[in-house]
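Enquirer: Okay, here's the structure, questions in a sec.
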Amino acid sequence: MVLYTSPFPNSFLSVLHSFSWGLIFPCYWLADRLVGSFVPTTYEKRQRADDPCYFHALCIIITTPIYLALLVASLPFALIGFLLWSPLQSARRPYIYSRLKDKNHANGATLLTEWKAAGSGKSFCFGSANVCLLPDSLARFNNVFNTQARAKEIGRRIRNGASRPQIKIYIDSPTNTSISAASFSSLVSPQGGDSRTVNAGIKRTTSMEYKGDNCGSNNGEENREDKGGSGEPHEGEENTCIVRINGEENGHMSDTETDTVNGQARASGPTEPSPEGDAEVSKTPNHKQKEGDSGSLDSYSASRESLVKVRVGDGTVDQSTVNNKLLYKASVMKKTSVRKKKHTDETFDHEISAFFPANLDFLCLQEVFDKRAAEKLKEQLHHYFEYIVYDVGVYSCHGCCSFKFVNSGLLFASRYPVMDAAYHCYPNGRGMDSLASKGALFLKVQVGSTPQDQRIVGYISCTHLQAIAGDTTVRCEQLDMLQDWLSEFRKSTSSSSTANPEELVAFDVLCGDLNFDNCSSEDKLEQQHSLFTHYKDPCRVGPGEDKPWAIGTLLDPEGLYDDEVCTPDNLQKVLESEEGRKGYLVYPTSKNHSSSQKGRKASLKGNGRRIDYMLYTEEGLYLEWKVEVEEFSFITQLAGLTDHLPVAMRLMVSTGEDDP
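Just so you know, the sequence shown maps onto residues 1 to 660 in the UniProt record's numbering.
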C-alpha cells in the first residue's frame, strides 16, 4: 500500500487548494475572533476581576463593529474560494504521512535498534490523548483558548516527557527475600546530561548497586553491556537504567547518604537547550510555567510530589530532607506496601503520573481539528517521533453522507516505520458531530524482523466516537463498523499464511475517545458491546464495573485553571485522593441524580468518567508469543492545556526464549 505524503496527487491541485484556502482564511479567522470575544474562559474572567466592570464591555463595543465590517468585506472572496475549495476535496487524500528526513532534528529521541526477536521479549509503549485543538472560538466552550500556542506546548511536553531515560529500581527487602520490581520513568537529565556521573555516585553510596551503563539518552555501543540475569532490560529496550537497592538498617537511608546521592545528581551536568528555545516563557497564560511545574522538563526545581519515596518492609526511604536540593524531577510509580495490599491480585503496575512514559513508542491523538495547530504540533513531535500521520479525514461531501467542515481530528505518531494506513469515516454522525469527519484510522507498523527475515509487525487503531450524550444507538453502530473495518484492514494488509508466515504479528491495540464510560447507567449498551469480548480493557472488571485504581479521564472544565490543578504535579496530587477526584473530575451520570454535577458528586461512587480507552487483543497474534500489560498510566502532564487526561499502556511481548 502506498502511503500519501501530500494531500493531493499533483502540485497543480495543491497550489489551487492553497489559493482557494487563502481566499477563505481571512473570513474564517475574523469569524473565529468575533465569536471568541463573546466566550471568555474562567482564566480570562479571573484576570479581569480587578478591572472596572465597564472595561470589557467597552472593548467588545469597539472591536465588534470592526470585526463585522472586515467580515462582511471578506465574504465575497470567501465565497469564491469556497467554490474552488469544495470540488477539490473529491481529489484530496485521506491523510498526510510525514517522515523525518533529518535525523539530527530528533534531538530528544534515542535511535532505535531493530528487534530481532532473539531475546526473551520486548516492551512497546502506547499513549492516547484528546487534546482539544479546535478553532479557538469552539475550544473556548471547553474552557481552553489560544489553540496555536497550546498545540506547540502540548507537543513540547509530550516529546520532553517521552525522551526521558527509563529507570528501573529493584528493591531487596530485608523482610522479604523476593525482589519486587518497581519500574518507573523518571527524569534524570533531559536530553543529554552525562548520567554516568550519577551512576558513579550511586556506587559510592550505601548499598545501591548500579547494573548496566546504558542509562541516559546517549545509548552508544560503549554504554551497552551484557544483559544476562533476571531484572535486566529486554532486547531492544532503549534508555534504561537499572539500580538495585539492598535493604539495610530496616530500609532507612541516612542523611549523609541522601546528601551524597543529591550531590551526584547535581553534578550530572546542565541540560542541552533545544533548537527552538524551549526555555522561553510560554506565550499563553493558561500554560505558564511555574516553579515546580513538571510539565516543563526544563525546570531546575523539584516539587515535593515528584520526589521518590519508597517503602521497604516496615521502613521508609524518605527523601524529604533533599526536597530543596534536587535539581531534576522524577515521575514515580508510587507502589507503596499499602497500595500493594489493596490490589494484590493485579499483575501489572499502574499509576497517576506527572509525565508521559519514557520511551513512548506510539501516540494517538484526538481532536486535532485545526490545521495550523496540527502543523505546529507535528513540528514539535518530530523532535521525538520519526513517523507521523496527520490531517486525517475528508472534507466537503466527499466520502460521507453530510457536508464536512473539519477533518477527523486524529493524529498518529510513531518511532517505528508505518507500512500501511487506512481511514474510514463514520457515516451516521448527528448534530454538531456530523460537521466533522469523525472516523477511525488503522495502521500497520514494522517493529523488527526475525533472523529468518520474517517481518515483525503490529496493528494500531485510533478512533473518536459520537460525543453527544444520549446517542447510545449511534455509538453502538459505530462500534459495529469499527470491528468490521478492523477485520477488513487486517485481511487486506496481511501478506502471511498459516503454512508460510512472512509476518509475525506482535500486538493489536485499539485506543481513542469512545465518549462513554463503563459505569454510567445511560451507557449500558456500549458497555456490553461485543468489542469487549475481542479486546481487553486493563481498567475494566466487567460491564458497569471498573477496577478500584482506575480513574476518570474527563476533567471538569470549570476547574482547569484552579491553582490546585493547574500544574502536572498539583493535578497528580489531587487525583490521588478521592475528595480531589470529586472536585475536578466529571462523574458518571445516574438516573437517580440531578443533572447538576456539583449537587450529586458527594453521593456518587466511582472515580470519574473514563471515556478515553486503551484496549489490546490476543487474537490473531503469533501463537508462540504472549502479550501482557506491563504498566498502565493516567497522565497529568497536559494540565491546563486540555480537558482530558491522557492514558498510556506498556505491553510486554514475550517470545518465550531466554536471553543469549
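Quick reminder that beta carbons are idealized off the backbone N, C-alpha and C, glycines included.
State the Cα-Cα distance for the pair Ile80 and Thr113, rounded to the nearest angstrom.
Expert: Taking the straight line from one Cα to the other gives about 52 Å.
Enquirer: For Ser128, which residues in the same chain have their Cβ closer than 7 Å to its Cβ, ignoring the five residues on either side in sequence?
Expert: Cβ within range, chain order: Cys364, Cys511, Gly512, Asp612, Met614, Pro646 and Val647.
Enquirer: For Val505, which option in Lys444, Leu486, Ser461 and Phe8 has the closest C-alpha, if you only look at C-alpha atoms?
Expert: Here the closest residue by C-alpha is Lys444.
Enquirer: In the DSSP output, what is Ile635 paired with across the bridge?
Expert: Bridge partners of Ile635: Ser353.
Enquirer: Kindly list the residues whose CB is nearer than 6 Å to the CB of Ser274, restricted to its own chain and excluding five residues on each side of it in sequence; keep chain order.
Expert: With a pLDDT of 47 at Ser274, under the threshold of 50, the modelled position of this residue cannot be trusted, and the question is left open.
Enquirer: Are the stretch 53-71 and the stretch 152-163 touching, with three or more C-beta to C-beta distances below 8 Å?
Expert: No, because fewer than three Cβ pairs between the stretch 53-71 and the stretch 152-163 fall closer than 8 Å, the two stretches do not touch.
Enquirer: Could I get the ranges of all uninterrupted beta strand (DSSP E) runs contained in the stretch 64-150, with 3 residues as the minimum, in chain order?
Expert: Within the stretch 64-150, the complete beta strand (DSSP E) runs of at least 3 residues are 96-99 and 121-133.
Enquirer: Using the three-state DSSP reduction, which class does Gln446 fall into: helix, strand or coil?
Expert: It is a strand residue.
Enquirer: Alpha carbons only, please: which of Glu502, Pro357 and Glu545 is nearest the one belonging to residue 667?
Expert: Since the first residue of the chain shown is 1 and the last is 660, residue 667 is not available in this structure.
Enquirer: When the distance is taken between beta carbons, is Glu477 closer than 8 Å to Asn428?
Expert: A contact, by the Cβ cut-off of 8 Å.
Enquirer: Measure how close the beta-carbons of Tyr95 and Val418 come, nearest whole angstrom, since I'm counting them as under 8 Å.
Expert: No, Tyr95 and Val418 are not in contact; Cβ-Cβ is about 10 Å, not under 8 Å.
Enquirer: Whether or not the stretch 636-646 and the stretch 528-538 are in contact is what I'm after, with contact meaning three or more pairs of Cβ atoms, one per stretch, closer than 8 Å; do they touch?
Expert: Short answer: they don't touch.
Enquirer: Would you decide whether Ser495 is buried or exposed? Buried here means 16 or more other CB atoms lie within 10 Å of its CB.
Expert: With fewer than 16 other Cβ atoms within 10 Å, it is exposed.
Enquirer: Going by C-alpha to C-alpha distance, which of Asp50, Phe38 and His529 sits closest to Ile61?
Expert: Of Asp50, Phe38 and His529, the residue nearest in Cα terms is Phe38.
Enquirer: Glu526 and Leu575: beta carbons closer than 8 Å?
Expert: No, they are not a contact pair.
Enquirer: In the stretch 360-448, which residue ranges form an unbroken alpha helix (DSSP H) of at least 4 residues, counting only runs that do not cross its ends?
Expert: Taking only runs of at least 4 residues, the alpha helix (DSSP H) segments lying wholly in the stretch 360-448 are 371-381.
Enquirer: Pop quiz: Ala373 and Ala151 are said to be a contact at Cβ under 8 Å. What is the actual Cβ separation, rounded to whole angstroms?
Expert: Contact flag correct, Cβ pair sits at about 4 Å.
Enquirer: If we ignore side chains and look at the alpha-carbon of each, how far apart do Pro588 and Ser520 end up?
Expert: Pro588 and Ser520: Cα-Cα distance of roughly 5 Å.
Enquirer: Looking at the secondary structure, which residues open and close the alpha helix (DSSP H) in which Asp32 lies?
Expert: Looking at the DSSP string, the run of the alpha helix (DSSP H) that includes Asp32 is Ser11 to Gly36.
Enquirer: Excluding the five sequence neighbours on either side, which residues of its own chain have a C-beta within less than 8 Å of the C-beta of Phe8, listed in chain order?
Expert: Closer than 8 Å at the Cβ level, and outside the excluded window around Phe8, lie Ser14, His17, Leu88, Ala91, Arg92 and Arg93.
Enquirer: Near Tyr622, which residues of its chain fall below 6 Å by C-beta distance, leaving aside the five closest residues on each side in sequence?
Expert: Leu504 and Val505.
Enquirer: Are Phe355 and Gly161 closer than 8 Å when you measure CB to CB?
Expert: Yes.
Enquirer: According to DSSP, which residues form a beta bridge with Ile456?
Expert: Gly448 and Leu504.
Enquirer: Check Val509 in the structure and name its three-state DSSP category.
Expert: Val509 falls in the strand class under three-state DSSP.
Enquirer: Roughly how many angstroms separate the alpha carbons of Leu68 and Gly36, rounded to a whole number?
Expert: Using only the alpha carbons, I get a separation of about 13 Å.
Enquirer: Return yes when the Cβ of Arg609 is within less than 8 Å of the Cβ of Glu631, no when it is not.
Expert: Their beta carbons are not under 8 Å apart, which means Glu631 does not touch Arg609 by this criterion.
Enquirer: Using a Cβ cut-off of 8 Å (strictly closer), state whether Ala73 contacts chain D.
Expert: Given the protein chain composition of this structure (a single chain), no chain D is represented.
Enquirer: DSSP state of Ser537, grouped into three classes?
Expert: Residue identity differs from the one stated: residue 537 is Asp in this sequence, not Ser. The answer is coil: DSSP assigns Asp537 none of H, G, I, E or B.
Enquirer: What three-state label does DSSP hand Lys547 in the structure shown?
Expert: Looking at Lys547 - three-state DSSP - the assignment turns out to be coil, as it is neither helix nor strand.
Enquirer: Beta-carbon separation of Tyr616 and Val509 under 8 Å?
Expert: Against a cut-off of 8 Å, the Cβ pair of Val509 and Tyr616 comes out as a contact.
Enquirer: Contact between the stretch 22-30 and the stretch 71-78 is defined here as three or more beta-carbon pairs at a separation below 8 Å; is this criterion met?
Expert: As far as the Cβ criterion goes, the stretch 22-30 touches the stretch 71-78, which means the pair count is three or higher.
Enquirer: Could you have a look at Glu650 and say whether DSSP puts it in helix, strand or coil?
Expert: Note that residue 650 is Arg in the sequence shown, not Glu. Residue state, collapsed to three classes: strand.
Enquirer: Candidates Leu133, Leu138, Arg159 and Phe141: which alpha carbon is nearest Thr147's?
Expert: That would be Leu133, whose Cα lies nearest to the Cα of Thr147.
Enquirer: Residues bridged to Met614 by DSSP?
Expert: In the DSSP output, where bridge partners are listed per residue, Met614 has Cys511.
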